[in-house]
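Going by our numbering, the sequence shown opens with residue 221, and the numbers climb by one from there.
Input: a single structure, listed below in structure tokens.
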Amino acid sequence: MTIDDVRQHRDWANDLDHADPEYNRNAPEVWEHLRESGCPVAHSDLYGGMWAPVTHELVKEVAYDTDHFSSQGVIVSNARPIIEAPVGPAPPITSDPPFHQIARRLLLPPFAPKQIDPWEKEIRTLCRGLLDEMGEIDEGTTIIDAAVQYAQHIPVNVIARMIGLPTTDDELFRGFVHAVLEAVDLPAEERIAAIEPLAEYLDAKVAEHQANPRDNLLDYLLNVEIEGNKLSSEHVRGSVLLLLIAGIDTTWSAIGSSLWHLGTHADDLARLVAEPDLMPFAIEEFLRAYAPVTMARLVKEDYDFHGCPMKANDWVLLPFPAANRDPEEFEDANEVILDRKENRHSAFGLGIHRCLGSNLARLELRVAVEEFIARFPSFELAGDMTWSVGQVRGPRVMPFRVLKVNPAHTGS
Ligand code: HEM
Numbered sequence: 221m222t223i224d225d226v227r228q229h230r231d232w233a234n235d236l237d238h239a240d241p242e243y244n245r246n247a248p249e250v251w252e253h254l255r256e257s258g259c260p261v262a263h264s265d266l267y268g269g270m271w272a273p274v275t276h277e278l279v280k281e282v283a284y285d286t287d288h289f290s291s292q293g294v295i296v297s298n299a300r301p302i303i304e305a306p307v308g309p310a311p312p313i314t315s316d317p318p319f320h321q322i323a324r325r326l327l328l329p330p331f332a333p334k335q336i337d338p339w340e341k342e343i344r345t346l347c348r349g350l351l352d353e354m355g356e357i358d359e360g361t362t363i364i365d366a367a368v369q370y371a372q373h374i375p376v377n378v379i380a381r382m383i384g385l386p387t388t389d390d391e392l393f394r395g396f397v398h399a400v401l402e403a404v405d406l407p408a409e410e411r412i413a414a415i416e417p418l419a420e421y422l423d424a425k426v427a428e429h430q431a432n433p434r435d436n437l438l439d440y441l442l443n444v445e446i447e448g449n450k451l452s453s454e455h456v457r458g459s460v461l462l463l464l465i466a467g468i469d470t471t472w473s474a475i476g477s478s479l480w481h482l483g484t485h486a487d488d489l490a491r492l493v494a495e496p497d498l499m500p501f502a503i504e505e506f507l508r509a510y511a512p513v514t515m516a517r518l519v520k521e522d523y524d525f526h527g528c529p530m531k532a533n534d535w536v537l538l539p540f541p542a543a544n545r546d547p548e549e550f551e552d553a554n555e556v557i558l559d560r561k562e563n564r565h566s567a568f569g570l571g572i573h574r575c576l577g578s579n580l581a582r583l584e585l586r587v588a589v590e591e592f593i594a595r596f597p598s599f600e601l602a603g604d605m606t607w608s609v610g611q612v613r614g615p616r617v618m619p620f621r622v623l624k625v626n627p628a629h630t631g632s
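Below, the structure is given as structure tokens:
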């Protein structure tokens, strides 16, 4: 869509719907249109009332303001969270201060670089295995799907192994992710019913690990203590749910979008292949330009936010990806500059809830891109692609024609 088509499609300023498939397909154009039309905070009556600031300054203001905005609900839907603040259904992401800090501190050690870095070799082996499974490739002819055959398998495998869940349940986990993050416009009761199987699955796994202890993240959560007390089963289940959901399609989307950029910008692909030292900068730039995660808050009490009459229990979308495209914050914000030097992006959020899995996410993203372009130094988009729907934005179907295979990099 051109920006004119985007303008015509719906009244984004007064009837925003992030679950309209056209939103993720054209998100940068939607934000640009809103900013150009002087609307820094869009509104919608959907989902019981929703607001969406689209400038870096306003996104940051909401993210830092835990007095007026609660994290007890972070995924916009017609339902409101059943387990209320300060703990919320998936601590720490759904917790408010002061409990948030306690729940967050528990999760810091397992995601520190010392614990995450040793996974590099396994992630590389996993990526090579997925590339091998694509079989015989005829240069210039074979079409592979980099979202379906590659990106979607990497984070789910790693986080399942870290938590201690069977990797063979990956299809089930992607179904849970769909229920939680994509099927957001169902009536409240249907949404609650759709998420129930996930809670039941996790309750069964928590019970299994209680009966038969192992050495992984789930067992760590079963044993860790807050002031001498073990966590409630509800807290353990909530944190495992968070890690499973946060660990899967966020990074899957980041890998997909980065490869999409390379599959549609042959000059950047050639440059990255020729100059591998650019990789750390390129990864940060992909995270900035294609930040996958938009979070949300619930308004605690009626509040006038820069002239917007927010009502208690209204949703506020926090589009960190829009903040990353704000020209007031980034020079040439809509340009992908592989060696951008100043890049204080907010892909991993702002404020107290800043992403706890960023070391793991960066590692998976870097290794996945490195391995893909090492095997296929030239490829191009070869048909229609499909974007996800809802608050996590990334390619779900992405056909690539492989133009070149590196013979030195075949076989794992
Ligand atoms: C490219 C991939 C990822 C992106 C862009 C991303 C983005 C984010 C963002 C924007 C937040 C802030 C939430 C808020 O303000 O409400 C967040 C929080 C969080 N993320 Fe990530 N994330 C990614 C991958 C991961 C991974 C792999 C994990 C771990 C398995 C993870 C675990 C978490 C957790 C536990 C929080 C909550 C932190 C808190 O509430 O204190 N994330 N993430």
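Each residue gets a CB set at the ideal place from its N, CA and C atoms; glycine is no exception.
Would the beta-carbon of residue 608 be found less than 8 Å away from any heavy atom of the ligand HEM?
Using a cutoff of 8 Å, the CB of residue 608 does not count as near the ligand HEM, since none of the ligand's heavy atoms is closer than that.
Alpha-carbon spacing of residue 484 relative to residue 536, whole angstroms:
Rounded to whole angstroms, the separation of the alpha carbons of residue 536 and residue 484 is 33 Å.
Which residue or residues does DSSP assign as beta-bridge partners of residue 515?
Note: residue 515 sits in a beta bridge opposite 538.
Is the beta carbon of residue 441 sitting closer than 9 Å to the one on residue 433?
No, they are not a contact pair.
What are the boundary residues of the beta strand (DSSP E) that includes residue 600?
For residue 600, the enclosing beta strand (DSSP E) starts and ends at 598-601.
Check each candidate in 506, 474, 471 and name the one with the smallest Cα separation from residue 488.
Among 506, 474, 471, the Cα nearest to that of residue 488 belongs to 506.
Would you mind giving the Cβ-Cβ distance between residue 515 and residue 569, rounded to the nearest angstrom? I have them listed as a contact below 8 Å.
At roughly 7 Å, the Cβ-Cβ gap stays under 8 Å, so residue 515 and residue 569 are in contact.
Assigned secondary structure, residue 668 (DSSP; H/G/I helix, E/B strand, else coil):
Here the chain comprises residues numbered 221 to 632, so residue 668 is not present and cannot be evaluated.
Residue closest to residue 256, alpha-carbon to alpha-carbon, out of 265, 290, 299, 275
Here the closest residue by C-alpha is 275.
Residues sharing a beta bridge with residue 270, DSSP
Assignment of beta-bridge partners to residue 270 by DSSP yields 264, 535.
Which residues in the same chain have their Cβ closer than 8 Å to the Cβ of residue 414, if we skip the five residues on either side of it in sequence?
Within its own chain, the residues whose Cβ lies closer than 8 Å to the Cβ of residue 414, once the five positions on either side in sequence are excluded, are 399, 403, 406, listed in chain order.
Given a cut-off of 9 Å on the beta-carbon distance, is the pair residue 368 and residue 617 in contact?
Their beta carbons are under 9 Å apart, which means residue 368 touches residue 617 by this criterion.
I'd like to confirm the pairing. Which residues does DSSP put opposite residue 445 in its beta bridges?
450, per the DSSP bridge assignment.
Hey, out of 626, 393, 511, 288, whose CA is closest to residue 575's CA?
Selected option, being the one with the closest Cα: 511.
Can you tell me whether residue 382 is helix, strand or coil according to DSSP?
Three-state result, residue 382: helix.
Over the uninterrupted alpha helix (DSSP H) stretch that includes residue 394, give me the two end residues.
Unbroken alpha helix (DSSP H) run through residue 394: 390-397.
Could you pull the start and end residues of the beta strand (DSSP E) that residue 620 belongs to?
619-624 is the span of the beta strand (DSSP E), which, as asked, contains residue 620.
Quick one: measure Cβ to Cβ for residue 226 and residue 261, integer angstroms, because I've assumed they're closer than 8 Å.
Their Cβ separation, rounded to whole angstroms, is 18 Å, which puts residue 226 and residue 261 out of contact at 8 Å.
Less than 9 Å between the beta carbons of residue 553 and residue 545, yes or no?
Yes; because the gap between Cβ atoms is below 9 Å, this pair is in contact.
Can you find at least 3 beta carbon pairs, one from the segment 343-350 and one from the segment 455-471, that sit closer than 8 Å?
Counting Cβ pairs under 8 Å, fewer than three are found: no touch.
Please report the Cβ distance between residue 481 and residue 587, rounded to the nearest whole angstrom; I am assuming they are in contact, meaning their Cβ atoms lie under 8 Å.
Not a contact, Cβ separation roughly 17 Å.
Exposed unless 16 or more other CB atoms sit within 10 angstroms - verdict on residue 541:
Around the Cβ of residue 541, a 10 Å sphere holds 16 or more other Cβ atoms; the residue is buried.
Host alpha helix (DSSP H) of residue 243 (start-end)
Residue range 241-245 is occupied by the alpha helix (DSSP H) that includes residue 243.
Spatial neighbours of residue 372 in its chain, beta-carbon cut-off 6 Å, leaving aside the 5 residues before and after
Closer than 6 Å at the Cβ level, and outside the excluded window around residue 372, lie 472.
Could you check what DSSP says for residue 347 in three-state terms: helix, strand or coil?
Residue 347: helix per DSSP, three-state reduction.
Opening and closing residue of the alpha helix (DSSP H) in which residue 421 lies
Element bounds for residue 421: 408-431.
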